[in-house]
Structures are given as C-alpha cells and as structure tokens.
Amino acid sequence: MSEEKENILSQSVERTVNDVQSEGTTHQVNAQEGGWFPYPPSRPARLIPPIALAYIGDAVYEVAVRQYLLSKANMRPNHLHRSATKLVSAKAQSRILTSIEAALTEEELDVVRQGRNAKSGSVPKNADVLEYRHATAFECLIGYLYSSSQHHRMIELIGLGIEQAEQASASTSK
C-alpha cells in the first residue's frame, strides 16, 4: 500500500476514533480504549482468548478489504463480492500471513502462534486444516492489534498483506 493511501486510511481511522456520532451525541473515544467505538474490551488484549481476538479480527479485516475495494474505480456489486472473497478467504489469509511474517515483531509472532494453536471447534469448509489455522492466526493478529489500539500497525500490516496478495494475483493471471 502506498504511503499516501496508508495516510488516507489512517486519517479516516483517526476521525472515527475521535468523533463517534450516536443519537445526536458526540462521544469522545480515547484510543486507549481499544477500538473505534465506545465499547472497550473487558480486559487487556493480551488476556483476551485467541479465538475471541480472531472473531473481532475477522470483522475488522473484512471492513478494511471492503474499504480498499471501494477505493478502486468502477466496481460493480458482483465484482466487489468476488474481489473481496479473493482477499478474505482462509486460503488468501493464510497466504497473506506467510507473506508478512518476516515483518512481524516477536510480540506479534507470539500472538500468531497462539492464534494458530487455538482450537476453534469448527471444521473448515473451503480450506484445508493448515490454511484454516493460519487464517485464524492472521485474524487473531488483526484482532490483537485492533484491541490493543495499535491501529497504525494494523493498517500497515493489512496494507502490506493486500498489496502482496494483489501482486500475487496479478502475476498468476498473466
């Protein structure tokens, strides 16, 4: 992701964090609360179970992908859906995690390990078990960064992952 696009996305997040409108009342949200909305996590991100981090990480990543796709010109709804699926599937998330792993800190790698080893209790539909575990680890990382208010880092890693996924997609379609 270009630095300009990263700055635009970051500014959008900052505005959301600073001014949340609810029934005519503006709520000031402290970035230390953990998210974009005035509902802080019940405990520090390090103490939230990996599956719960993956739960919120899945939603945050989905929004990031949708916002990314809306930034592109001339996207029809059907094309938006197909493009989103290529970035949010377990297979795609597994590949993204592999492509950004070298850029992760020790703390982030620890979160990834916990997410990968977490037992979700569900069986993957369109991916093998290894891809599903890696996708869960990626979602856990995004959830951890989101819940610990590391939004700039989260945006950086999502941008890097999307960029690398798009490059891989472009090289295989040639």
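Positions 119 to 292 (the numbering used here) are the ones given, in order, by the sequence shown. Ideal Cβ placement from N, Cα and C applies to all residues, glycine included.
In the DSSP assignment, Ile214 falls within the unbroken alpha helix (DSSP H) covering 208 to 218. In the structure shown, Leu259 adopts helical secondary structure according to DSSP, grouped into three states. The Cβ atoms of Val206 and Gly261 do not sit closer than 8 Å to each other. For Ile276, the CB contacts under 6 Å within the same chain, skipping 5 residues up- and downstream, are Ala182 in chain order. Shown here, Gln268 sits in coil according to DSSP, grouped into three states, outside any helix or strand. Check the Cα spacing between Ala221 and each of Gln282, Ala286, Pro159, Ser289: the tightest is with Gln282. Taken through DSSP and simplified to helix, strand or coil, Ser287 comes out as helix. Rounded to the nearest whole angstrom, the CA to CA distance from Asp176 to Ala163 is 15 Å. Note on Leu227: under 16 other CB atoms within 10 angstroms of its CB, so exposed under the neighbour-count rule. With a cut-off of 8 Å on Cβ pairs, the segment 233 to 246 is not in contact with the segment 193 to 202, counting fewer than three such pairs.
In the DSSP assignment, Val181 falls within the alpha helix (DSSP H) that extends over 168 to 188. In the structure shown, the three-state DSSP call for Lys237 is coil. By the Cβ-count criterion, Gln211 is buried, with 16 or more other Cβ atoms from all chains shown falling within 10 Å of its own Cβ.
In this structure, DSSP gives Gly153 a state outside helix and strand, which the three-state scheme calls coil.
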